[in-house]
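Sequence lines, in order, name chains A and B.
With this note's numbering as the guide, the letters of the first sequence map in order to residues 294 to 628.
With this note's numbering as the guide, the letters of the second sequence map in order to residues 422 to 653.
Glycine is no exception: its CB is placed at the ideal position from the N, C-alpha and C atoms.
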Amino acid sequence: MTDALTRLLQTRDWLMADGATGTNLFNMGLSSGDAPELWNEEHPDRIRTLYKGAVDAGSDIFLTNSFGGNAARLKLHGAQKRARALSRIAAELGRDIADTAGRPVVVAGSVGPTGEIMEPMGTLTHADAVEIFHEQAEGLKEGGADVLWVETISAPEEFRAAAEAAKLASMPWCGTMSFDTAGRTMMGATSAALAELVEKLPHKPLAFGANCGVGASDLLRTVLGFAAAGSERPIIAKGNAGIPKYVHGHIHYDGTPDLMADYAILARDSGATIIGGCCGTTPEHLRAMRAALETRPRGPRPSLEDITTRIGGFSSASDGTEGDAPARPRRRRRS
Amino acid sequence: MADENELILSELPDDELVTQMQDDLYDGLGEEIVDGVNILLERGWQPYDVLTKALVAGMTVVGNDFRDGILFVPEVLLAANAMKSGMAILKPLLAETGAPKMGKMVIGTVKGDIHDIGKNLVGMMLEGAGFEVVDLGINTAAEAYLEALAREEADILGMSALLTTTMPYMKTVIDELVEKGRRDDYIVLVGGAPLNEEFGRAIGADAYCRDAAVAVEIAKDFIARKHNQMSA
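Next up, the structure:
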C-alpha cells in the first residue's frame, strides 16, 4: 500500500503544507526558552488547536510538534529519555485531527536538526546521529505519522543520517534544508548540491526542498535552483512570512497574507509542488495562500527580477549556483 | 606531490613566513600554525606581535571571506581550530608579558537553545582579536549571564540564538539588566540566524552582529568609543 502523501501527489498537481509551529505556539502562550514538545503532554488541547488551525485553513499536509523532539535537544530540558514518547504523542494528536478532517490530510512527523556538528568538524558521529533520528522516527511512526518530515537541516551529513534513520524505521520521508547564509546553508550547501545529494541517497525522499532561511524571496531563488538542477522529484517550498520584528513584547513576522499569497503562486510557478510557510505563517496567511493557489492561473517560471519586483529583494547577490562563485586566489600551496 | 613544492617554514624570512602562516590559517592547518608560532618566538618575536601580525591578520582574511559568502562554517571552524592551537602556545606568554587587552566578553547561547556554532565562532574570533572571552556555553539563563558579568567585570555581553522560539529570551536578559540598573555597564551584542538589525534595536541591544567577523569589528569599535569617553 502506498502512503498518504504519494496518493495525494498522484491526484493533485500542487499541495499546500502548513505554516509555523514555534511562532504560532508563542501566540498561544509558550514562553521563550521552553521546549514546545513538552506541550504535547502538558497542553494537548493547544497542540490540537495548532494542527486544526492549519487544516481548517486548507493545508493538505501539516507537521507535528516534534521539531526539537530528539534526544540531543531534549537533553536541555532533562527530557532526553522522552524523545520517543513525546514524538509519538505529537503524531497521535495529529492523527486525530487528520482523521476527522473530512478530506485526505497528511500527518508529517517533523524531525529537526540535532543541533550538534557532525564529524569531522564536530563530535557527533554518523552512527550516533542515525540513532538519535531513528529513535524519534520510531516514535512518530508509532503515533501514526504518514511520513517523516526532516527539516531545517544545514549539513549534508546530517541529511544523510536522517535518510538512513527513515530507512531503518521503514518510513517514507521528505527532507528540506535551510538556506540562510548567502543563499546557501550555514554549512555551505547550495540548492544544486541538495538536488544532487537527494538522488544519490539509497532511501530517497518523496519530495525535497527548502524551509525557513531568510525571507520569502530568498526561498524562491532556492526553488529556482532546484528546478534548474533538473530534478523530477516534487519540490517543497516552506518559506518564512517575511522577517522577524519585535513588536509590543512579542515576535512578529512582517510578511502579510497578501505577500504570502503572491509567494505561494511564485513558488508554484518556480517549480514547487508542495507549498507552505515556516516561521510567522499563521492560519490567516495560509487561507490567503490556499485561495490564491486555487483561483490564480499558473504562469511562466519567474525570473529573479520578477521575484524582486513582486515580493522584495534577496539577502545576497549570489546563491552560489552560477558556477562563478568568488574564490580567493591562492598565493601558493604546499604539498 | 613533488618535493620541490615543499616549503621549509624555518627557511623563510619573517615576512614570507607570516604570509605563509596566514595562508595556513586560511586552510586550517593547525600543525603548521604551531610550527610557525614557535619559529617566530625563537626568532625573538614578542608574543603579542605573533598574535596580531600572523594569527589575527590571518583570521581577518577568513572573517572577511566568511562575511562575503566565500567561506562557510566548516572552513571557518577549521581555521579557528588552527588558530586555537597557535593560541595555546601564546596564551600563557601573553599573560606573562602583560600584552595589551582589548576587553572582556561574557558570551552564551540563550536559555532553551543548544545551537552554539555561531557563538563559538564569535568567541574564537574575538579571542583571536585580543579579547578575553568567558564562554557560558548553551542554555544560559538570565541569572547566569548577570552573575558572570559581575564576577568577570566584563565589558561586553554577547548573546546568541538560532531559533525563533528562543530569540525573545534575549529581551528577557536585557530587561533583567535594566531592572537591576546595570544595563549601561555593558555593551550588549546579539546574533543568530533569525535575527536582524531592527530586532536587535527593538529589544534594546547595542548592536546586532550579522556574523563573527562583524562581531569583532563592532566589539572593537565599541571598546574604542568607551576608551575615548573615559579619557574625555
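Going by other Cβ atoms of all chains shown within 10 Å of its Cβ, with 16 needed for buried, is residue i buried or exposed?
{"i": "aspartate 486(B)", "result": "buried"}
{"i": "threonine 586(B)", "result": "buried"}
{"i": "aspartate 306(A)", "result": "exposed"}
{"i": "valine 540(A)", "result": "exposed"}
{"i": "glutamate 615(A)", "result": "exposed"}
{"i": "aspartate 612(A)", "result": "buried"}
{"i": "proline 595(A)", "result": "buried"}
{"i": "glutamate 525(A)", "result": "exposed"}
{"i": "arginine 591(A)", "result": "exposed"}
{"i": "leucine 308(A)", "result": "buried"}
{"i": "histidine 648(B)", "result": "exposed"}
{"i": "serine 380(A)", "result": "buried"}
{"i": "lysine 493(A)", "result": "exposed"}
{"i": "alanine 585(A)", "result": "buried"}
{"i": "threonine 393(A)", "result": "exposed"}
{"i": "glutamine 650(B)", "result": "exposed"}
{"i": "valine 507(A)", "result": "buried"}
{"i": "serine 581(B)", "result": "buried"}
{"i": "threonine 570(A)", "result": "The residue asked about is misnamed: residue 570(A) is glycine in this sequence, not threonine. Buried."}
{"i": "proline 434(B)", "result": "exposed"}
{"i": "aspartate 436(B)", "result": "exposed"}
{"i": "glutamine 429(A)", "result": "buried"}
{"i": "lysine 522(B)", "result": "exposed"}
{"i": "aspartate 576(B)", "result": "buried"}
{"i": "isoleucine 454(B)", "result": "buried"}
{"i": "isoleucine 535(B)", "result": "buried"}
{"i": "glutamate 409(A)", "result": "buried"}
{"i": "glutamine 303(A)", "result": "exposed"}
{"i": "aspartate 668(B)", "result": "Because chain B spans 422 through 653 in this model, residue 668(B) falls outside it and cannot be assessed."}
{"i": "valine 599(B)", "result": "exposed"}
{"i": "alanine 401(A)", "result": "buried"}
{"i": "lysine 532(B)", "result": "buried"}
How close, in whole Å, do the beta carbons of residue i and residue j come, if the pair is a contact with beta carbons under 8 angstroms?
{"i": "lysine 384(B)", "j": "methionine 545(B)", "result": "Residue 384(B) is absent from the structure shown; chain B starts at 422 and stops at 653."}
{"i": "alanine 478(B)", "j": "leucine 461(B)", "result": "With 8 angstroms as the limit, alanine 478(B) and leucine 461(B) do not qualify as a contact, their Cβ atoms being about 13 angstroms apart."}
{"i": "methionine 411(A)", "j": "alanine 448(A)", "result": "6 angstroms"}
{"i": "proline 589(B)", "j": "histidine 543(A)", "result": "7 angstroms"}
{"i": "leucine 559(A)", "j": "isoleucine 528(A)", "result": "Contact doesn't hold; Cβ gap of about 13 angstroms is too wide."}
{"i": "leucine 446(B)", "j": "valine 497(B)", "result": "Not really, about 11 angstroms apart at Cβ, beyond 8 angstroms."}
{"i": "threonine 445(A)", "j": "cysteine 505(A)", "result": "5 angstroms"}
{"i": "glycine 351(A)", "j": "arginine 580(A)", "result": "6 angstroms"}
How about residue i: is its C-beta nearer than 7 angstroms to some C-beta of chain E?
{"i": "isoleucine 535(B)", "result": "The structure shown contains no chain E; its protein chains are A and B."}
Would the beta-carbon of residue i fall within 7 angstroms of that of residue j?
{"i": "glycine 579(B)", "j": "isoleucine 538(B)", "result": "no"}
{"i": "arginine 341(A)", "j": "leucine 386(A)", "result": "yes"}
{"i": "isoleucine 568(A)", "j": "alanine 522(A)", "result": "no"}
{"i": "serine 563(A)", "j": "leucine 517(A)", "result": "yes"}
{"i": "valine 440(A)", "j": "alanine 455(A)", "result": "no"}
{"i": "alanine 626(B)", "j": "threonine 593(B)", "result": "no"}
{"i": "alanine 364(A)", "j": "cysteine 572(A)", "result": "no"}
{"i": "glycine 405(A)", "j": "phenylalanine 360(A)", "result": "yes"}
{"i": "phenylalanine 426(A)", "j": "alanine 458(A)", "result": "yes"}
{"i": "threonine 483(A)", "j": "methionine 470(A)", "result": "no"}
{"i": "methionine 582(A)", "j": "alanine 565(A)", "result": "no"}
{"i": "valine 458(B)", "j": "valine 471(B)", "result": "yes"}
{"i": "phenylalanine 552(B)", "j": "glycine 507(B)", "result": "no"}
{"i": "alanine 534(A)", "j": "threonine 574(A)", "result": "yes"}
{"i": "threonine 407(A)", "j": "alanine 383(A)", "result": "no"}
{"i": "glycine 449(B)", "j": "alanine 503(B)", "result": "yes"}
{"i": "valine 554(B)", "j": "alanine 633(B)", "result": "no"}
Among all the DSSP beta bridges, which residues are the ones paired with residue i?
{"i": "lysine 525(B)", "result": "Glu553(B)"}
{"i": "asparagine 504(A)", "result": "Lys531(A)"}
{"i": "tryptophan 442(A)", "result": "Ser403(A) and Cys467(A)"}
{"i": "arginine 477(A)", "result": "Thr474(A)"}
{"i": "lysine 538(A)", "result": "His545(A)"}
{"i": "threonine 530(B)", "result": "Ser581(B)"}
{"i": "valine 609(B)", "result": "Leu578(B)"}
{"i": "threonine 316(A)", "result": "Threonine 316(A) pairs with nothing; no bridge assigned."}
{"i": "isoleucine 568(A)", "result": "Met309(A) and Ala530(A)"}
{"i": "threonine 418(A)", "result": "Threonine 418(A) pairs with nothing; no bridge assigned."}
{"i": "threonine 575(A)", "result": "BP columns for threonine 575(A) are empty, so no partner."}
{"i": "leucine 356(A)", "result": "Ala401(A)"}
Scan the stretch 521-536 of chain A for residues whose Cβ lies nearer than 9 angstroms to a Cβ of chain B and list them as they occur along the chain. Within the stretch 521-536 of chain A, the residues whose Cβ lies closer than 9 angstroms to some Cβ of chain B are Asn533 and Ile536, listed in chain order.
Short of 7 angstroms Cβ to Cβ, which residues in the stretch 476-509 of chain A face chain B? Identification of residues in the stretch 476-509 of chain A having a C-beta nearer than 7 angstroms to some C-beta of chain B yields Arg477, Met479, Met480 and Gly481, given in sequence order.
Listed in chain order, which residues of the stretch 587-620 of chain B have Cβ atoms closer than 9 angstroms to some Cβ of chain A? Across the stretch 587-620 of chain B, CB contacts with chain A closer than 9 angstroms involve Thr587, Met588, Pro589, Tyr590, Met591, Lys592, Thr593, Ala614, Pro615, Leu616, Asn617, Glu619 and Phe620, in sequence order along the chain.
Determine which residues of the stretch 571-600 of chain A have a Cβ less than 7 angstroms from any Cβ of chain B, and write them out in chain order. Taking 7 angstroms as the Cβ-Cβ cut-off against chain B, the residues of the stretch 571-600 of chain A that qualify are Cys572.
Compile a chain-ordered list of the residues in the stretch 441-470 of chain A whose CB is closer than 7 angstroms to at least one CB of chain B. Listed by position along the chain: nothing, the set is empty.
Any C-beta of chain B within less than 9 angstroms: which residues of the stretch 325-353 of chain A qualify? Listed by position along the chain: Ser325, Gly326, Asp327, Ala328 and Pro329.
Tell me which residues of the stretch 412-437 of chain A have at least one Cβ-Cβ distance to chain B shorter than 7 angstroms, keeping chain order. So the close ones are Met414.
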